[in-house]
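In what follows, a structure is listed as structure tokens, so that the remarks can point back to it.
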Amino acid sequence: MKTVIWDQTATLIDLDGKAPLISTLRECVRHFAMMKSTARAEARVLLTQPTFREGRKTRTWILEPSEIEQLTLLLREEEASA
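Going letter by letter, the sequence shown gives residues 24 to 105 in our numbering.
Quick look at the structure:
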């Protein structure tokens, strides 16, 4: 993602059948960070605003587990420097 809008509404979906978390992107990423690795592999985030992703011609609405993991690292860095 080029820019991260932490306050945008997002939905964390666990494909394991658990209820989705509808909150801000920040809270979805925090919740993802607390999941077990098996649940992380099945998780996706649905955004309310499509975002540009490298290697794609169009913007997309869904973030894959590897992208959410990158956001987790970015969030930790931002919180550590604050």
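Heads up, the beta-carbon is just placed ideally off N, CA and C, and yes, glycines get one too. Quantities reported herein were computed from a predicted structural model and do not represent experimental measurements.
Can at least three beta-carbon pairs, one atom from the segment 24-35 and one from the segment 51-69, be found at a separation below 8 Å?
yes
With DSSP run on the structure shown, which of helix, strand or coil describes Pro43?
As a first step, residue 43 must be located in the sequence shown, where it is residue number 20. Looking at Pro43 - three-state DSSP - the assignment turns out to be coil, as it is neither helix nor strand.
Do Ala66 and Met58 count as a contact pair if the criterion is CB distance below 8 Å?
Locating residue 58 in the sequence shown gives position 35, counting from the first residue. Locating residue 66 in the sequence shown gives position 43, counting from the first residue. In this structure, Ala66 lies closer than 8 Å to Met58 by Cβ.
Nearest neighbour of Leu86, chosen from Ala64, Ser60, Ala42 [CA to CA]:
Within the sequence shown, numbered from 1, the residue matching residue 86 stands at position 63. By alpha-carbon distance to Leu86, the top candidate from Ala64, Ser60, Ala42 is Ala64.
Using the Cα positions of Ile84 and Pro43, report the straight-line distance between them to the nearest angstrom.
Taking the first residue of the sequence shown as 1, we reach residue 84 at position 61. Taking the first residue of the sequence shown as 1, we reach residue 43 at position 20. Per the sequence shown, the amino acid found at residue 84 is Trp instead of Ile. If I take the Cα positions, the gap works out to 16 Å.
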